[in-house]
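Asker: Chains as they are written, first to last, in the working numbering: chain D, 2 to 305; chain E, 1156 to 1425.
Each residue gets a CB set at the ideal place from its N, CA and C atoms; glycine is no exception.
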Amino acid sequence: MKQSSKERAIIILTVIPSIAGVAVFVYGFIGWTVVVSLSNWNGILPDYSFAGIRNFVEVFKNVRFIIDIFNNAFFSILFIGICVGAGLVLAIIVDQSVKGRDFFRNAFLFPMVISPVVTAVAWKWIFSPKTGINALINIFLLKIGVDHTVEFGWIISTIKLGPFNLALIPLTIAACWAFVGYIMAMYLAAIRGIPAELIESARVDGASERMIYWKIILPLLKPITLGAIIILGHISLRMFDLFFVMSGRGPGFITDFPSIFMYEATFRANRYGQGAAISLIMLAMVAVVIVPYLKISLRKGVAD
Amino acid sequence: MRKKILIYFFLITLLLLFFIPLYVLFITSIKSTGEITSRTMWNLPKDPNIEGFVKAWGKLKGNLLNSFYLTIPATIFSAFLGSWNGYILSKWKFPGADIIFTLIMFGMFIPHQSILIPLVQVLNSIGLYGSMPGLILTHVVYGIPITTLIFRNYYSGVPDELIEAAKIDGANVFGTYYYVMLKIALPAFAVASVYQFSSIWNDFLFALIVTQSPRVQPITVALANLAGSYYVEWNTQMAGALLLTIPPLLVFIFLGRFFIRGLLAGSVKG
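Pasting the structure below:
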């Protein structure tokens, strides 16, 4: 839109509050957190004296943080893999149920409006040793006359496979339950966006349904898969509420994550410098995923 | 035909599995204390009662109200702010507008942990820490990226000629917004409002950090406290969880298509 310089000045003035808000609350605060992470502030009262990278060194030396990094890595891989795989399969199947499409899409999507706190309460019952799955199995065993009760710990099970804590499985299931519908909806929107003529002409050329999926639809969905991995990646790196309410850090940090460690270090133990350091490591991990994505989006936006 | 039946059978089976957590919430919430720890804990209640709901209501009604006091104003502010920003950044692009937009977008993805310490300091120094206005302000500011994105995408699809025409009729930037854009932006308002309503209502981290007193805390924090206490029965917890879920679920049932568009706006770059 063409605009005079006076108009332009007015326009810029009106968006300044929002830009300033984001500049201060996002970029300014991140800068401030950097200052805190480099300070000696590890008590109740602020102390901004310079400590160098000591907080970061201490965080990385802490066994708890190493466990957290492993837990988060395992969780992220499982969470992303399952959500993308199951989301794609669900989308393809739901897309074929022509009449029930909208109903099934919405039915699988509703966990997105359910608070992670609620998700945590429900799945905590399912995966607690005395209720849920164990109870179901034990009732079944009793019915068929087997004199044995299962007492597997699930979210408090301290069994490990190498560095992988089995207690992460219930958390992963709960998180996938919450997000798989979202990924399905992304794929479904993309599948519906594929021009019908493209599929029709392939059909005319004698392609089977399976060929149409493998050769036409799936390749066209690649950008969605990339987008889904990025979205799920940043969600999994900053997730807090579900973990915190469902299991907390767990015995021996089996279900601990950097987000929980950050909260406890900062707001329970008043170790602000360390909390800031952990949060910046989290930010760095998210930025690795997000910044290239935003750069591509920006370039595309300019090209439009 | 057989394939069709197979697909529906498969989908319905999956759906039943998918609804297990809701089934659990529902049946447990209407059971008596005795029945939730017995062998019948997976069964439908023999003698449904509202004991759990009465207890949950007693503990959470104030917090439920707080959630409304928080979510309604924060959603309205957020939507209007986004509608203006999106309008300017799509229709009155000034030099650097695209870069500013991208920089704003980054705010949508940051782990909020990385801004919590300064947030508490700043809210404290302006006297809003621990208060509802402080929490509203927090949600409005961190809601700017998503609402701006939703409206920018929406207005991008509006032909420039419409604005040219308004200009020829003598409308300036404000007039065009008021007489043209607001009138056609109802779907975008629905998308932004439904999306923000559900994310603010369900938020836990900001509420946990910014509000300390149970008198101010929204229901998410209060329910988490209930769930963390060993003295609270499962039926009370589950009934509380359902109380928390009802408002956003109603919004989803009646305005679901707008919510889905908001979700997709946040993921697929339009």
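Please report how far the alpha carbon of Leu1398 of chain E lies from the alpha carbon of Ser1384 of chain E, in whole angstroms.
Answerer: As a first step, residue 1398 of chain E is located in the second sequence; it is residue number 243 there, counting from the start. As a first step, residue 1384 of chain E is located in the second sequence; it is residue number 229 there, counting from the start. Spanning the two alpha carbons is a distance of roughly 18 Å.
Asker: Taking only beta-carbon positions, decide if Glu59 of chain D is within less than 8 Å of chain E.
Answerer: Locating residue 59 of chain D in the first sequence gives position 58, where the first residue counts as 1. No, Glu59 of chain D lies away from the interface with chain E (no Cβ there is under 8 Å from its Cβ).
Asker: Is there a Cβ from chain D that is less than 8 Å from the Cβ of Val1423 of chain E?
Answerer: Within the second sequence, numbered from 1, the residue matching residue 1423 of chain E stands at position 268. The predicted position of Val1423 of chain E is uncertain, since its pLDDT is 46 and thus under 50; no value can be drawn from it.
Asker: Can you give me the C-alpha to C-alpha distance between Cys84 of chain D and Ala179 of chain D, rounded to a whole angstrom?
Answerer: For the purposes of this step, residue 84 of chain D is taken as residue 83 along the first sequence, with counting starting at 1. For the purposes of this step, residue 179 of chain D is taken as residue 178 along the first sequence, with counting starting at 1. Distance between the alpha carbons of Cys84 of chain D and Ala179 of chain D is about 10 Å.
Asker: Using only the alpha-carbon positions, how far apart do Asp1324 of chain E and Tyr1333 of chain E sit?
Answerer: Residue numbering aside, residue 1324 of chain E sits at position 169 when the second sequence is read from its first letter. Residue numbering aside, residue 1333 of chain E sits at position 178 when the second sequence is read from its first letter. Straight-line Cα distance between these residues: approximately 14 Å.
Asker: Buried or exposed for Ala176 of chain D, please, with buried defined as at least 16 other CB atoms from any protein chain shown within 10 angstroms of its CB.
Answerer: For this step, residue 176 of chain D is matched to residue 175 along the first sequence. By the 10 Å Cβ count, Ala176 of chain D comes out buried.
Asker: I need the DSSP call for Leu162 of chain D, collapsed to helix, strand or coil.
Answerer: Residue mapping note: residue 162 of chain D aligns to position 161 of the first sequence, counting from 1. The answer is strand: DSSP assigns Leu162 of chain D an E or B state.
Asker: Would you mind sorting Ser40 of chain D into buried or exposed? The rule is 16 or more other CB atoms within 10 Å of its CB.
Answerer: What you label residue 40 of chain D is simply residue 39 of the first sequence in a count that begins at 1. Buried, because 16 or more other Cβ atoms sit within 10 Å of the Cβ of Ser40 of chain D.
Asker: Does chain E have any CB closer than 8 Å to the CB of Val289 of chain D?
Answerer: Within the first sequence, numbered from 1, the residue matching residue 289 of chain D stands at position 288. Taking Cβ atoms only, chain E never reaches closer than 8 Å to Val289 of chain D, which makes this a no.
Asker: Around the C-beta of Met212 of chain D, are 16 or more other C-beta atoms found within 10 angstroms, so that it is buried, or is it exposed?
Answerer: Counted from its first residue, the first sequence places residue 212 of chain D at position 211. Its Cβ having fewer than 16 others within 10 Å, Met212 of chain D is exposed.
Asker: Look up Ser40 of chain D in the DSSP assignment and give the residues it is bridged to.
Answerer: The count along the first sequence starts at 1 and reaches residue 40 of chain D at position 39. D:Phe51.
Asker: Taking a contact to mean a Cβ-Cβ separation below 8 Å, would you say Leu243 of chain D touches Asn73 of chain D in this structure?
Answerer: Locating residue 243 of chain D in the first sequence gives position 242, counting from the first residue. Locating residue 73 of chain D in the first sequence gives position 72, counting from the first residue. Contact flag unset, no.
Asker: Helix or strand or just coil, what does DSSP make of Glu59 of chain D?
Answerer: For the purposes of this step, residue 59 of chain D is taken as the residue at position 58 of the first sequence. Residue state, collapsed to three classes: helix.
Asker: Assuming Ile20 of chain D contacts Ile1255 of chain E under a Cβ cut-off of 8 Å, what Cβ separation, rounded to an integer in Å, is found between them?
Answerer: Translated into positions along the first sequence, residue 20 of chain D becomes position 19. Translated into positions along the second sequence, residue 1255 of chain E becomes position 100. Correct: roughly 6 Å between the Cβ atoms.
Asker: Determine whether the beta carbon atoms of Ile217 of chain D and Ala203 of chain D lie at a separation below 8 Å.
Answerer: Locating residue 217 of chain D in the first sequence gives position 216, where the first residue counts as 1. Locating residue 203 of chain D in the first sequence gives position 202, where the first residue counts as 1. In contact: Ile217 of chain D and Ala203 of chain D (Cβ atoms closer than 8 Å).
Asker: Nearest CA to the CA of Ala1347 of chain E: which residue from E:Thr1257, E:Gly1285, E:Ile1227?
Answerer: As a first step, residue 1347 of chain E is located in the second sequence; it is residue number 192 there, counting from the start. Among E:Thr1257, E:Gly1285, E:Ile1227, the Cα nearest to that of Ala1347 of chain E belongs to E:Ile1227.
Asker: What's the C-alpha gap between Val27 of chain D and Ser280 of chain D?
Answerer: By 1-based counting over the first sequence, the position of residue 27 of chain D is 26. By 1-based counting over the first sequence, the position of residue 280 of chain D is 279. The alpha-carbon atoms of Val27 of chain D and Ser280 of chain D are separated by roughly 13 Å.
Asker: In whole angstroms, what separates the C-alpha of Thr1192 of chain E from that of Thr173 of chain D?
Answerer: If you number the second sequence from 1, residue 1192 of chain E lands on position 37. If you number the first sequence from 1, residue 173 of chain D lands on position 172. Each residue's Cα considered, the two are about 26 Å apart.
Asker: Looking only at its own chain, which residues have a Cβ that is under 8 Å from the Cβ of Ile115 of chain D, when we skip the five neighbours before and after it?
Answerer: Stepping through the first sequence from its first residue, residue 115 of chain D is reached at position 114. Answer for Ile115 of chain D: Ala179, listed in chain order.
Asker: Taking its Cβ as the centre, do 16 or more other Cβ atoms sit within 10 Å of Gln1367 of chain E, making it buried, or is it exposed?
Answerer: One-based indexing of the second sequence puts residue 1367 of chain E at position 212. The residue is exposed, with fewer than 16 neighbouring Cβ atoms inside 10 Å.
Asker: Got a sec: which bits of the stretch 1383–1413 of chain E sit with their beta carbon under 9 Å from any beta carbon on chain D, in order along the chain?
Answerer: Gly1383, Trp1389, Gln1392, Met1393, Gly1395, Ala1396, Leu1397, Leu1399, Thr1400, Pro1403, Leu1404, Val1406, Phe1407, Ile1408, Gly1411, Arg1412
Asker: If you reduce the DSSP assignment to three classes, tell me which class Asp305 of chain D lands in.
Answerer: Within the first sequence, numbered from 1, the residue matching residue 305 of chain D stands at position 304. For Asp305 of chain D, the predicted model reports a pLDDT of 40, less than 50, meaning its position is unreliable and no value from the coordinates is stated.
Asker: Note down, in chain order, all residues in the stretch 1206–1230 of chain E with a beta-carbon under 8 Å from any beta-carbon belonging to chain D.
Answerer: none
Asker: Rounded to the nearest angstrom, what separates Gly1285 of chain E and Thr1391 of chain E at their Cα positions?
Answerer: Locating residue 1285 of chain E in the second sequence gives position 130, where the first residue counts as 1. Locating residue 1391 of chain E in the second sequence gives position 236, where the first residue counts as 1. Near 27 Å, if we compare the C-alpha coordinates of Thr1391 of chain E and Gly1285 of chain E.
Asker: Please state whether DSSP places Tyr188 of chain D in a helix, a strand or coil.
Answerer: Position 187 of the first sequence holds residue 188 of chain D. Three-state result, Tyr188 of chain D: helix.
Asker: Which residue wins for smallest C-alpha separation from Pro293 of chain D, given the options E:Phe1181, E:Phe1174, E:Phe1261?
Answerer: Position 292 of the first sequence holds residue 293 of chain D. Closest by C-alpha distance to Pro293 of chain D, out of E:Phe1181, E:Phe1174, E:Phe1261, is E:Phe1261.
Asker: Thinking C-beta only, is Tyr183 of chain D closer than 8 Å to Leu1171 of chain E?
Answerer: The residue you call residue 1171 of chain E lines up with position 16 of the second sequence. The residue you call residue 183 of chain D lines up with position 182 of the first sequence. Not closer than 8 Å, so no.
Asker: If I follow the unbroken alpha helix (DSSP H) through Ile157 of chain D, where does it start and stop?
Answerer: Here residue 157 of chain D refers to the residue found at position 156 of the first sequence. Ile157 of chain D -> no alpha helix (DSSP H), and no H or E assigned at all.
Asker: Should Ile81 of chain D and Leu233 of chain D be called a contact, given that it needs their Cβ atoms to be closer than 8 Å?
Answerer: By 1-based counting over the first sequence, the position of residue 81 of chain D is 80. By 1-based counting over the first sequence, the position of residue 233 of chain D is 232. Closer than 8 Å, so yes.
Asker: Taking buried to mean at least 16 other C-beta atoms within 10 Å of its own C-beta, is Thr1303 of chain E buried or exposed?
Answerer: Start at 1 with the first residue of the second sequence, and residue 1303 of chain E comes out as number 148. That one is buried.
Asker: Pull up the distance between the alpha-carbon of Ile282 of chain D and that of Thr267 of chain D, whole angstroms please.
Answerer: For this step, residue 282 of chain D is matched to residue 281 along the first sequence. For this step, residue 267 of chain D is matched to residue 266 along the first sequence. Rounded to the nearest whole angstrom, the C-alpha separation of Ile282 of chain D and Thr267 of chain D is 15 Å.
Asker: Please list the partners that Asp69 of chain D has in chain E, where partner means a Cβ-to-Cβ separation under 9 Å.
Answerer: For the purposes of this step, residue 69 of chain D is taken as residue 68 along the first sequence, with counting starting at 1. What Asp69 of chain D touches in chain E: nothing, since even the nearest Cβ is about 13 Å away.
Asker: Does any heavy atom of the ligand HEM sit closer than 7 Å to the C-beta of Ser1269 of chain E?
Answerer: Among the components modelled here there is no ligand, and therefore nothing to report on the ligand HEM.
Asker: How would you call Asp305 of chain D, buried or exposed, if buried means at least 16 neighbouring beta carbons within 10 angstroms?
Answerer: For the purposes of this step, residue 305 of chain D is identified with residue 304 of the first sequence, where counting begins at 1. Any answer about Asp305 of chain D is weak, because its pLDDT of 40 lies below 50 and its placement is not dependable; what the coordinates show is given next. The residue is exposed, with fewer than 16 neighbouring Cβ atoms inside 10 Å.
Asker: Does the CB of Pro117 of chain D have a neighbour CB from chain E at under 8 Å?
Answerer: Within the first sequence, numbered from 1, the residue matching residue 117 of chain D stands at position 116. Chain E, which has a Cβ nearer than 8 Å to the Cβ of Pro117 of chain D, makes this yes.
Asker: Please check if any C-beta of chain E sits within less than 8 Å of the C-beta of Leu284 of chain D.
Answerer: Position 283 of the first sequence, counted from the first residue, corresponds to residue 284 of chain D. Yes, Leu284 of chain D counts as interfacial toward chain E.
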